[in-house]
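Numbering (the working numbering), first residue to last: 12 to 255.
Where a beta carbon is used, it is the ideal one built from N, C-alpha and C, also for glycine.
Source: prediction; values computed, not measured.
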């Protein structure tokens with residue numbers, strides 16, 4: 012993309028003159044707090060700042076701890092763009108780009124669990140903790156037939172429920188689960204994955220087709236130029252790849 016966006020498109024994205032980016036700290040592959048400054052850092056922040064520069068406006072980071080709250084902020088136009096897992100359940104009021112990153116969704120179980128394979132999880136008597144409204148919650152709600160889904164307020168409580176013996180399985184982003192397993196003994200990540208999470212940028216549907224096309228083209232440029240790959244490397248992110 013070599014031309015600057017029109018003033019009408021800039022206004023469509025940032026009607027206040029500042030681009031408000033919804034940031035979900037619940038997904039450590041995309042965003043974290045800097046240990047020194049406490050400021051949000053990560054791939055999604057890098058992309059948000061780059062898009063604000065493309066528009067020629069300032070940026071405001073609107074930070075949330077959970078995916079559902081981050082999605083709602085964009086749907087309710089309290090933010091202008093966001094970074095979400097693509098899911099049909101989130102389509103109302105939002106328009107997504109193509110994915111820029113692919114992330115694995117996996118299961119965490121107690122070390123003593125008899126479970127050894129993802130296919131064994133969906134069975135009567137099994138309880139699966141999830142962060143309510145997360146991509147894996149939405150996916151498992153459609154796919155799980157026999158097990159019970161226990162929805163909690165974010166990834167932290169979902170992991171704590173497993174440690175406390177309140178559930179048999181915790182679902183989440185593979186990198187987060189591997190970090191939990193490394194943090195303290197007693198749990199392990201099941202091999203493989205139960206889903207691939209497609210992370211995309213999104214904007215309110217009300218911003219119009221031209222705005223959606225601009226954001227979609229921006230994402231494709233960021234992938235093709237190596238910007239996304241460089242951001243993953245810079246932030247030392249494992250467990251995610253640049254989407255084709």
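Enumerate in chain order the residues of its own chain whose CB-to-CB distance from residue i is below 7 Å, with the five nearest sequence positions on each side excluded.
| i | result |
| --- | --- |
| residue 106 | 213, 214, 216 and 223 |
| residue 45 | 52 |
What residue from the options has the CA that sits closest to residue i's CA?
| i | options | result |
| --- | --- | --- |
| residue 135 | 155, 151 and 121 | 155 |
| residue 157 | 171, 133 and 196 | 133 |
| residue 120 | 85, 192, 49 and 86 | 192 |
| residue 53 | 246, 92, 221 and 29 | 246 |
| residue 24 | 65, 240, 100 and 148 | 65 |
| residue 251 | 124, 187, 131 and 57 | 187 |
| residue 26 | 218, 60, 236 and 238 | 218 |
| residue 206 | 225, 118 and 138 | 118 |
| residue 17 | 211, 225, 237 and 230 | 225 |
| residue 20 | 238, 237 and 220 | 220 |
| residue 1 | 126, 103, 98 and 176 | This structure gives no information on residue 1, because the portion of the chain shown stretches from 12 to 255. |
| residue 38 | 236, 237 and 183 | 183 |
Spatial neighbours of residue i within its chain, please: C-beta separation below 6 Å, excluding the five flanking residues on both sides.
| i | result |
| --- | --- |
| residue 248 | 40 |
| residue 75 | 35 and 81 |
| residue 31 | 71, 73, 90 and 91 |
| residue 167 | none |
| residue 100 | 149 |
| residue 240 | 253 |
| residue 63 | 30 and 70 |
| residue 126 | 120 |
| residue 88 | 215 |
DSSP three-state call for residue i: helix, strand or coil?
| i | result |
| --- | --- |
| residue 170 | helix |
| residue 33 | strand |
| residue 44 | strand |
| residue 251 | strand |
| residue 117 | strand |
| residue 90 | coil |
| residue 109 | coil |
| residue 12 | Low confidence applies here, because residue 12 scores a pLDDT of 45, under 50, leaving its location unreliable; read the following figure in that light. In the structure shown, residue 12 sits in coil (DSSP, three-state: anything other than H, G, I, E or B). |
| residue 97 | coil |
| residue 4 | Here the chain comprises residues numbered 12 to 255, so residue 4 is not present and cannot be evaluated. |
| residue 199 | strand |
Less than 8 Å between the C-beta atoms of residue i and residue j, yes or no?
| i | j | result |
| --- | --- | --- |
| residue 201 | residue 128 | yes |
| residue 228 | residue 145 | no |
| residue 185 | residue 204 | yes |
| residue 94 | residue 116 | no |
| residue 143 | residue 85 | no |
| residue 234 | residue 111 | yes |
| residue 254 | residue 109 | yes |
| residue 114 | residue 56 | no |
| residue 29 | residue 67 | no |
| residue 11 | residue 159 | Since the displayed the chain opens at 12 and closes at 255, residue 11 lies outside it and no answer follows. |
| residue 61 | residue 210 | no |
Please work out which residues of its chain come closer than 8 Å, Cβ to Cβ, to residue i, disregarding the five sequence neighbours upstream and downstream, and give them in chain order.
| i | result |
| --- | --- |
| residue 22 | none |
| residue 172 | 140, 161, 163, 178 and 181 |
| residue 122 | 196, 197, 198 and 199 |
| residue 190 | 39 |
Where in the region 57–85 do unbroken runs of the beta strand (DSSP E), each at least 3 residues long, occur, reported from the N-terminal end onward? 69–75
Going residue by residue through the region 122–195, where are the continuous beta strand (DSSP E) segments of at least 3 residues, counting only ones entirely within it? 138–142, 159–163 and 180–184
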